[in-house]
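Heads up, the thing below is written out as structure tokens.
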Amino acid sequence: MSGWVQSFLLLVATILSSAEETCPDVKVIGVGASDKLNILRGCPGTPGIQGPQGPAGPAGAKAAQNCKEWLDQGGTISGWYTIYTPYGLPLSVLCDMETDGGGWIVFQRRADGSVDFYRDWNSYKRGFGRKESEFWLGNDNLHLLTATGNFQLRVDLTDFSEQRTYAAYSNFRIAGEAQNYTLSLGGFTGGDAGDSLSGHKNFAFSTKDRDNKGSCAQRFKGGWWYEACHYSNLNGLYLRGDHTSYANGVNWSAGKGYYYSYKVSEMKIRPQPQD
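Residues -19 to -1, 1 to 256 in mature numbering (1 follows the signal peptide of the UniProt record, and there is no 0) are what the sequence shown spells out, letter by letter.
Pasting the structure below:
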């Protein structure tokens, strides 16, 4: 091998040795008898100028903020869905997709007496219960859900003879904890159960350890918007129909009075249609 070829190969080997440290994609095939060096690939060059931005892709489905939006997106089966509050927080809720057109968030349910509703302030603040039976969604969640819009409220009641009645209201809203989750309510809009909630509007929520109205929560064994003391008490004791104690059951006075505790109670909301 001539001297100049050896010098050239030494120079190339030095360059390749340096390249292999910084360019892992450089591969030396080898030096043959013909003194020819075969290189598969060298270092990449300097990146070119960024090209123009391509067109936007199709818009994805909007994250549902309530059960009505889930219904509009094709969720027609009642059950538990994940919605997002106006502040982007995920929340698992029971959606009633059947009653009166569907799209209801169920925030209160009594059905069998398996869950104790005579609880403290923090329990009602956070929410409690079991998905498969009875629950309270939580006052903080109710405030978040209703703070930025107008909502219908529907109260569905079933007695122990399986007779079903309801009451409906407009402009349901719950204030924040600083205002003791005060109930705002528009008008009674109908229903054969009669009106047993309008008398509670503009009153604060009370529990056994934070009673904002004359010890009503302790006397009537629930958490509610008591008004010295109540026309309804759907979070009272589960007393299974007729009872002798006064007004401490799952009561709706305009329906079956103060001595009858309903079998099933559901309170539910959905966005109010715009005029």
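Where is the CB? At the ideal position from N, CA and C, for every residue including glycine. Keep in mind it's a predicted model, so treat the numbers as computed, not measured.
Three-state secondary structure (DSSP) of residue i
i: E143; result: coil
i: S179; result: helix
i: C76; result: strand
i: R200; result: helix
i: Q255; result: coil
i: Q133; result: strand
i: G236; result: helix
i: V7; result: At V7 the pLDDT is 45, less than 50, meaning the model places this residue with poor confidence; the figure from the coordinates comes in the next sentence. If DSSP states are grouped into helix, strand and coil, V7 belongs with coil.
i: residue 262; result: Since the first and last residues shown for the chain are -19 and 256, residue 262 lies out of range.
i: G35; result: coil
i: A(-1); result: Low confidence applies here, because A(-1) scores a pLDDT of 46, under 50, leaving its location unreliable; read the following figure in that light. Three-state result, A(-1): helix.
i: D81; result: helix
i: E247; result: strand
i: A159; result: helix
i: N229; result: coil
i: N214; result: strand
i: L18; result: The predicted position of L18 is uncertain, since its pLDDT is 49 and thus under 50; a value taken from the coordinates is nonetheless stated next. DSSP places L18 in strand when its eight states are reduced to three.
i: N193; result: coil
Element boundaries [beta strand (DSSP E), containing residue i]
i: W61; result: G60 to Y65
i: G171; result: F169 to G171
i: C85; result: One point to set straight first is that residue 85 is Trp, not Cys, in the sequence displayed. W85 -> beta strand (DSSP E) spans W85 to R91.
Beta-carbon gap between residue i and residue j smaller than 8 angstroms
i: K43; j: G84; result: no
i: V245; j: L138; result: yes
i: Q144; j: E247; result: no
i: G222; j: F141; result: yes
i: K249; j: I64; result: no
i: W206; j: N214; result: no
i: S179; j: L166; result: yes
i: Q34; j: P67; result: no
i: N208; j: H181; result: According to the sequence as given, residue 208 is Glu; it is not Asn. Yes, these two residues count as a Cβ contact at 8 angstroms.
N-terminal and C-terminal residue of the alpha helix (DSSP H) that residue i is part of
i: W102; result: W102 to R107
i: W51; result: C48 to D53
Within-8 angstroms CB hit, residue i to chain D
i: A198; result: Within the model displayed, chain D is absent; a lone protein chain is all it includes.
Anticipated Cβ contact below 8 angstroms, residue i with residue j, distance rounded
i: S242; j: Y212; result: Not confirmed; about 15 angstroms, so no contact.
i: T127; j: F153; result: 6 angstroms
i: D254; j: F132; result: At residue 254 the sequence reads Pro, which differs from the Asp that was named. Contact doesn't hold; Cβ gap of about 11 angstroms is too wide.
i: G217; j: G203; result: 4 angstroms
i: D173; j: Y147; result: 7 angstroms
i: N120; j: I155; result: 6 angstroms
i: F201; j: A228; result: 6 angstroms
i: G55; j: C76; result: About 12 angstroms separates the two Cβ atoms, so there is no contact after all.
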